[in-house]
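When we follow the numbering used here, the leftmost residue of the sequence shown carries the number 30, and every step to the right adds one. C-beta: ideal position from N, C-alpha, C; glycine also. No experiment lies behind these values; they were computed from the predicted model shown. Accompanying notes for the structure given below.
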Amino acid sequence: MGCGFDSLTAHHSLFSLEYGKLIRLSKQLNRQKSIEVRIQPHDILVPEADPFRHDLLDRKESVEVLTHLVRAFEGPCVLAIDAAWGNGKTTFLKIWHQYLVNAEFPVVQFNAWETDFAGDPFLALCTELTDELEAYANLADKIASTRKCAKKIMRRALPGLVRALTYGILDLDSVLEGEIDKAVASIAEDSFTEYKSAKDSITEFRSSLQDIASAVSQPPKNLPLIVMIDELDRCRPSYAVELLEIAKHFFAVNGIVFVLAVNRSELLHSIKTLYGTKFDARGYLRRFIDLDFRLPDPDRKSFIDAAFTQIQIDHYFNRTKDPEAHYDAQGMRDLLSAAFSDPNLSLRQVGQALHRFGLVFASLKSEAPSHAFMAAIIMIFRVVDEDLYYRFCDGKVGDADAVDTLIRKLGEAALPYGGMREDFEATLVLGAIELSKSKLRSVEDSALITRYQQTILAGAVDGSAQDQHGRHAKAVVEKVGIYSKDRRYRIGIGFKPTVERIELLSAALIDESSLESR
Numbered sequence: 030m031g032c033g034f035d036s037l038t039a040h041h042s043l044f045s046l047e048y049g050k051l052i053r054l055s056k057q058l059n060r061q062k063s064i065e066v067r068i069q070p071h072d073i074l075v076p077e078a079d080p081f082r083h084d085l086l087d088r089k090e091s092v093e094v095l096t097h098l099v100r101a102f103e104g105p106c107v108l109a110i111d112a113a114w115g116n117g118k119t120t121f122l123k124i125w126h127q128y129l130v131n132a133e134f135p136v137v138q139f140n141a142w143e144t145d146f147a148g149d150p151f152l153a154l155c156t157e158l159t160d161e162l163e164a165y166a167n168l169a170d171k172i173a174s175t176r177k178c179a180k181k182i183m184r185r186a187l188p189g190l191v192r193a194l195t196y197g198i199l200d201l202d203s204v205l206e207g208e209i210d211k212a213v214a215s216i217a218e219d220s221f222t223e224y225k226s227a228k229d230s231i232t233e234f235r236s237s238l239q240d241i242a243s244a245v246s247q248p249p250k251n252l253p254l255i256v257m258i259d260e261l262d263r264c265r266p267s268y269a270v271e272l273l274e275i276a277k278h279f280f281a282v283n284g285i286v287f288v289l290a291v292n293r294s295e296l297l298h299s300i301k302t303l304y305g306t307k308f309d310a311r312g313y314l315r316r317f318i319d320l321d322f323r324l325p326d327p328d329r330k331s332f333i334d335a336a337f338t339q340i341q342i343d344h345y346f347n348r349t350k351d352p353e354a355h356y357d358a359q360g361m362r363d364l365l366s367a368a369f370s371d372p373n374l375s376l377r378q379v380g381q382a383l384h385r386f387g388l389v390f391a392s393l394k395s396e397a398p399s400h401a402f403m404a405a406i407i408m409i410f411r412v413v414d415e416d417l418y419y420r421f422c423d424g425k426v427g428d429a430d431a432v433d434t435l436i437r438k439l440g441e442a443a444l445p446y447g448g449m450r451e452d453f454e455a456t457l458v459l460g461a462i463e464l465s466k467s468k469l470r471s472v473e474d475s476a477l478i479t480r481y482q483q484t485i486l487a488g489a490v491d492g493s494a495q496d497q498h499g500r501h502a503k504a505v506v507e508k509v510g511i512y513s514k515d516r517r518y519r520i521g522i523g524f525k526p527t528v529e530r531i532e533l534l535s536a537a538l539i540d541e542s543s544l545e546s547r
């Protein structure tokens, strides 16, 4: 299944599932020819005629500004597009690439991470660059010349570097024969020869690259060749830094603009990994990047609304037989939208969480209770602090610690005082009781309820019972009391089964009839 099942069950006993049951579930799923559930979000589709049609992050202004800038560049330039991990750098490059192509810019795309395995960034970049440029007419001779020059660099410069590092003493016989002076003289002469040959090869390579840039940048527009390098910050530190150095020293010629999509903080970390923690990584990076541009924070609400549409969660609510599902559905949406608006969560984290959420409800039996609001709480908990979530589910962390941590990380803006937050906290209190290994646990054992009861008592004495925190404490205690006394929840509120659904370990996720009808 590719979900890390063995490691999950080994570390989290709550989610243990018999091997036989797992096999039965797999066979049931395999029989469903109509299942169309996607695990990963689709890559963004960028229509040629309208690159911004599916732009959920409102990047049009940034694209237009940067296009105006690169149009004016005369000499070589390295431009860095900076954004945190998972916040849309790749999507931005895809949109900008199509926009530039429509504006008749010559553009080459290069995914650094996909070539990390090659180990030689010069070879990878040169190969990808010349391969993509083959689509342009009348460049065959110039591309052949560039490749020929590249081979000379690889044949001369790299062995020359090895010789320099080993002082050229690769044949120890001459040294052992006492011909040290002669060997040193020969080594020095060879080193000078290797250096000059390497330097000449680099000059020749840059000249041939300049010819290509001039050829694809024809009057009257004279547009520069744009080389987009994506996912540099995902590469091995040595590969990332070497690629930067090679792009600057070997490929920086008039008429070529390099665009790097990077997480600047991660790139600085890579540099320090190579050169030491005290190394001036920022100063070093400034030598390679001429201009940087920080992507503006996106409109998260539009992104989340579009993700809800994409996961098609409404299909479940249209077929479910749970009478409370529709009431839960709006609360679920409101809670997920509020929590996932936190800028500390990357868009990739949010997208993956919502797609997992959609997978759960797409596969849920129609007669099973939805527990949609509760599922939203559990998913938020899992995304915001995964380690704390698993310890909570294993009964190793109490409700007070869980609530305090989540409220602190999400912020008051995401969960202000009010009904949604009261339900959020009450659910975690009752969930902790349900997950407890002891059958004797009750509301009286709750650390959060004990603290809130003390707050209520203190407020009655000093008059603070009617302030915002006092009213909130009273509301949570009352809601927990109501739920704990309700006959429907005598055996639990459904927290544990909902956790198992989120972890994809529940038999309730198999519904042959509903899946066949989709």
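- In this structure, LEU459 lies away from SER370, with their beta-carbon atoms at least 8 Å apart.
- Distances from the alpha-carbon of THR232 to those of ARG480, SER174, ILE300 put SER174 closest.
- ILE110 is positioned such that its CB atom lies closer than 8 Å to that of LEU324.
- If you draw a straight line from the Cα of HIS355 to the Cα of PHE346, it is about 7 Å long.
- Residue pairing by DSSP places PHE146 in no beta bridge whatsoever.
- For ASN140, the enclosing beta strand (DSSP E) has its first and last residue at 136-140.
- Under the 10 Å beta carbon count, VAL282 is surrounded by 16 or more other beta carbons and is classified as buried.
- Take ALA404, set aside five residues on each side of it, and the residues of its chain with a beta-carbon closer than 6 Å to its own are THR527, in chain order.
- DSSP lists no beta-bridge partner residue for ARG265.
- Take LEU129, set aside five residues on each side of it, and the residues of its chain with a beta-carbon closer than 7 Å to its own are THR96, VAL136, ILE255, in chain order.
- A residue is called buried once 16 or more other Cβ atoms fall within 10 Å of its Cβ, and SER471, having fewer, is exposed.
- In the displayed model, ALA164 falls within coil according to three-state DSSP, outside both helix and strand.
- When DSSP reads this structure, VAL291 sits in a beta bridge with ASP111.
- By a beta-carbon distance limit of 8 Å, LEU464 contacts GLY424. Their separation comes to about 6 Å.
- The beta carbon of MET449 lies closer than 8 Å to those of GLY360, ASP363, LEU364, ALA367 in the same chain, with the five residues before and after it left out.
- Between LEU477 and ALA442 the beta-carbon gap is near 21 Å, outside 8 Å, which marks them as no contact.
- The Cβ atoms of HIS400 and ILE340 do not sit closer than 8 Å to each other.
- Bounds of any alpha helix (DSSP H) do not take in LEU320; it lies within the beta strand (DSSP E) bounded by 320-323.
- Of all alpha-carbon atoms in PRO398, ASP414, LEU444, GLU260, the one lying nearest the alpha-carbon of PHE524 is that of PRO398.
- Here DSSP, grouped into helix, strand and coil, assigns ASP84 to coil.
- Restricting attention to PHE81, LEU74, ARG88, the CA atom closest to the CA of PRO327 is found in ARG88.
- Inter-residue distance for PHE134 and LEU252 is about 6 Å (C-alpha atoms, whole angstroms).
- Of the candidates GLU529, GLN497, GLU451, GLU451 places its Cα closest to the Cα of ILE511.
- Taking ALA382 as the centre and dropping the five residues before and after it, the same chain places the C-beta of MET408, VAL412 closer than 6 Å to its C-beta, in chain order.
- Its chain contains PHE369 as the residues whose beta carbon lies nearer than 6 Å to that of VAL379, once the 5 sequence neighbours on both sides are disregarded; these appear in chain order.
- The residue among THR119, PHE234, LYS180 with its C-alpha nearest the C-alpha of GLN138 is THR119.
- Taking the Cα positions, ILE436 is about 18 Å away from CYS422.
- The DSSP-derived three-state label of ASP259 is strand.
- Shown here for ASP321: same chain residues with a beta carbon closer than 6 Å to its own, the five before and five after excluded, namely ALA109, ASP111 in chain order.
- If you look at ASN347, you'll find it in the alpha helix (DSSP H) that goes 343-348.
- In this structure, DSSP gives LEU254 an extended state, which the three-state scheme calls strand.
- A straight-line Cα-Cα distance of about 10 Å links LEU85 and PHE121.
- Within its own chain, the residues whose Cβ lies closer than 6 Å to the Cβ of VAL432, once the five positions on either side in sequence are excluded, are GLU454, LEU457, LEU477, listed in chain order.
- At the C-beta level, LEU261 and ALA141 come within 8 Å of one another.
- Residues of the same chain with a CB within less than 8 Å of the CB of GLN497, apart from the 5 flanking positions on each side, are TYR446 in chain order.
- Sorting ALA113, ASP259, GLU163 by C-alpha distance to the C-alpha of THR144 places ASP259 at the top.
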